[in-house]
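Written out below as structure tokens is the structure these notes cover.
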Amino acid sequence: MALAGAAVAVLSVAGLVEHGLAQGQDLKIAVQDYWFEPTYQRVSVGTTVEWTNGDDESHTVTNDLGMFDQEIWPGETWSYTFTQPGVYFYYCQPHDWMIGEITVVGS
Ligand SMILES: [Cu+2]
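Under our numbering, the first residue of the sequence shown carries the number 245, and numbering increases by one thereafter.
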């Protein structure tokens, strides 16, 4: 059974490469070197986006419309699941040049 599980995992990775970000697939964003990477990303409704702070200073993921506003400490991860279509702009409060945008499209 362990072997069968491994085969399924390999197939999943291959599918990702071929088709891009699959529906329901988590998106990981690196908060690194005072930058969000990827900066702009399109995802499907229901996607969980996970930000991980790789810097040695805390950053925030702050939505300009107040949908979310989270401080992320160095080495920590925070995630948010987008359940409504829309364009979600966000920035880091202490470092206002750090901006990002998630475009959520319906399935
Ligand atoms: Cu910051």
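Using N, Cα and C, we set each Cβ at its ideal position, and we do this for glycine too.
Which residue wins for smallest C-alpha separation from residue i, given the options the options?
i      : options                : result
PHE333 : THR325, THR347, THR292 : THR347
GLY350 : GLN337, THR327, HIS339 : THR327
THR291 : LEU271, ASN307, LEU309 : LEU271
ILE273 : GLY310, TRP341, GLU320 : GLU320
Can you tell me whether residue i is buried or exposed, with buried defined as 16 or more other CB within 10 angstroms of its CB?
i      : result
TYR278 : exposed
VAL331 : exposed
GLY298 : exposed
TYR335 : buried
Quick check on residue i: does DSSP put it in helix, strand or coil?
i      : result
GLY344 : strand
TYR334 : strand
GLN276 : coil
In chain order, what are the residue ranges of uninterrupted beta strand (DSSP E) at least 3 long that sit wholly in the stretch 292 to 332? Whole beta strand (DSSP E) segments, 3+ residues: 292 to 297, 303 to 307, 313 to 316, 321 to 325.
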